[in-house]
Amino acid sequence: MLIRLLDVVFAFFGLLFTFPILLTAIIIGYFDTGSPVFIQKRMGKNKRPFKLIKFRTMSVDTKSVASHLASATSITKLGSFLRKTKIDELPQLINVLKGEMSFVGPRPNLFNQEELITERDNRGVYMVLPGITGLAQVNTIDMSTPKLLAETDKKMISELSLSNYLKLIIMTVAGKGSGDRIK
Numbered sequence: 249m250l251i252r253l254l255d256v257v258f259a260f261f262g263l264l265f266t267f268p269i270l271l272t273a274i275i276i277g278y279f280d281t282g283s284p285v286f287i288q289k290r291m292g293k294n295k296r297p298f299k300l301i302k303f304r305t306m307s308v309d310t311k312s313v314a315s316h317l318a319s320a321t322s323i324t325k326l327g328s329f330l331r332k333t334k335i336d337e338l339p340q341l342i343n344v345l346k347g348e349m350s351f352v353g354p355r356p357n358l359f360n361q362e363e364l365i366t367e368r369d370n371r372g373v374y375m376v377l378p379g380i381t382g383l384a385q386v387n388t389i390d391m392s393t394p395k396l397l398a399e400t401d402k403k404m405i406s407e408l409s410l411s412n413y414l415k416l417i418i419m420t421v422a423g424k425g426s427g428d429r430i431k
């Protein structure tokens, strides 16, 4: 209950304080791709679908696959900057406010990532809200290693406390982890 309250407070103030950055990214994004906001159906808590909101970092015609399966040539110049600075993740604060995500939790996967879905199902990972960041992200473990990712997600869930929640957020803001690999 306390973590949900912190999610709402942090997301509200995060959107409020980063509004100039969000607006700038939208304006520049229009010139970069013509479509600065990226919305994609992802798997949430209890495997329910929700629409994840991010800033577009790849060209509009890029196939809808996990980042580690996408080509590096798909990433735009602005997209590279947005990924490096993690600004592309800021619109997910809306998902947090809506109760579809938490700040800390397993990164939401696509519905076609069957191996990862099986590994996460076997470990009960879908019992919690997906997150913007988590233990796997700060340790540079991405969806290209489904078993390791699911094991790390399970560990994070079983050890999640208020102090771990805050620690993972601080580590993410400080730049720990490098995001999803691109081939």
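Everything in the sequence shown is counted per our numbering, starting at 249 for the first residue and increasing by one. Backbone N, C-alpha and C fix where the C-beta goes; we use that ideal spot for every residue, glycine too. Computed from a prediction, not measured in an experiment: that's the story for all the values here.
Rounded C-beta distance between residue i and residue j? I'm assuming under 8 Å.
i	j	result
Arg296	Gly277	So it is not a contact: roughly 29 Å between Cβ atoms.
Gly372	Val352	About 17 Å separates the two Cβ atoms, so there is no contact after all.
Ser436	Thr281	Residue 436 falls outside the range modelled here, since the chain spans only 249 to 431, and no answer is possible.
Pro356	Arg290	4 Å
Ile301	Asn343	6 Å
Ala273	Leu345	With a Cβ gap of about 18 Å, Ala273 and Leu345 do not count as contacting.
Leu338	Thr266	6 Å
State the beta-bridge partners of residue i as determined by DSSP.
i	result
Gly353	None, per the DSSP bridge assignment.
Thr381	Val352
Met492	Beyond the ends of the chain as shown, which are 249 and 431, falls residue 492; an answer cannot be given.
Phe298	Arg290
Note the first and the last residue of the continuous alpha helix (DSSP H) segment covering residue i.
i	result
Ile335	From DSSP, Ile335 is part of no alpha helix (DSSP H); its letter is neither H nor E.
Arg371	Glu362 to Arg371
Ile274	Phe267 to Asp280
Given the structure, does residue i come close to the ligand FMN, in the sense that its CB is under 7 Å from one of the ligand's heavy atoms?
i	result
Pro394	What this structure holds is no ligand at all, so the ligand FMN is not there to describe.
Following the continuous beta strand (DSSP E) through residue i, name the residue where it begins and the one where it ends.
i	result
Met291	Val285 to Met291
Identify, in the order they occur along the chain, each residue of the same chain with its Cβ nearer than 6 Å to the Cβ of residue i, setting aside the five sequence neighbours on each side.
i	result
Leu263	Leu341
Could you pull out every residue in the same chain whose Cβ sits closer than 7 Å to the Cβ of residue i, ignoring the five residues on either side in sequence?
i	result
Glu363	Pro394
Gly425	Gln385, Val386, Asn387 and Thr388
With a CB to CB cut of under 8 Å and the five nearest residues on each side skipped, what residues in its chain are close to residue i?
i	result
Leu253	none
Assess, as a yes-or-no matter, whether the segment 362-378 is touched by the segment 322-331 under the definition of 3 or more beta carbon pairs within less than 8 Å. no
So, do the segment 401-412 and the segment 360-372 have three or more beta carbon pairs nearer to each other than 8 Å? yes
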